[in-house]
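Note sheet for the following structure.
In our numbering, the protein residues as written are 2 to 159.
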């Protein structure tokens with residue numbers, strides 16, 4: 002037991018001495034939070050050479066509603082990936098996260114002509130408009146922050 006504790010306590014010293022090859026691995030090693038480690042692992046997978054692995058990592062980040070640890074930035078990069086499955090998974094993940102930062106990344110990329118981002122953004126704003134019509138002030142505020150009108154073309158009063 003003492004030997005295991007000694008070995009585990011040597012890991013941070015070795016990392017400090019020899020360095021760590023990537024920023025995401027630093028997050029994984031330095032954080033004791035299992036959620037942070039899982040996010041870091043998915044961020045590494047998002048940079049893999051296999052589009053299936055990248056797409057699955059994006060889906061997992063979306064399922065986790067991962068809005069920290071560089072997830073939104075990495076998913077935004079995925080919106081312009083060479084692979085359409087990575088672009089679609091990244092777009093859906095940002096929609097699933099649903100924060101202003103995630104949706105503005107989706108909006109900005111959609112305005113640059115990427116169809117997966119555009120289609121997903123249009124779907125999300127349509128849903129937000131419906132929620133806004135039903136009285137959801139959070140949806141209305143998010144639409145306003147995105148520069149969208151929550152009640153446009155609905156005939157409802159603002």
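Heads up, the beta-carbon is just placed ideally off N, CA and C, and yes, glycines get one too.
Judged by DSSP in its simplified three-state form, residue 57 adopts helix. Annotated three-state conformation of residue 117 is helix, per DSSP.
Residue environment: residue 53 is assigned as exposed (fewer than 16 neighbouring CB atoms within 10 Å of its CB, all protein chains considered).
With respect to the C-alpha of residue 81, the residue from 63, 48, 65 having the closest C-alpha is 48. When the beta-carbon positions are compared, residue 44 and residue 94 stay at least 9 angstroms from each other.
Here the C-alpha atom of residue 143 lies approximately 8 angstroms from the C-alpha atom of residue 129. In this structure, residue 41 keeps its C-beta atom at 9 angstroms or more from the C-beta atom of residue 73.
Judged by beta-carbon spacing, residue 90 lies beyond the 9 angstroms limit of residue 113, meaning their Cβ atoms are not closer than that value. Here residue 121 is buried. Its C-beta has 16 or more other C-beta atoms within 10 Å.
Around the beta carbon of residue 77, 16 or more other beta carbons sit within 10 angstroms, so the residue counts as buried.
Distance from residue 79 to residue 88 at the Cβ level is roughly 7 angstroms; contact confirmed, criterion being Cβ atoms closer than 8 angstroms. Separation of residue 99 and residue 83 (C-alpha to C-alpha, rounded to the nearest whole angstrom) is 24 angstroms. In this structure, the alpha-carbon of residue 133 lies about 12 angstroms from that of residue 125.
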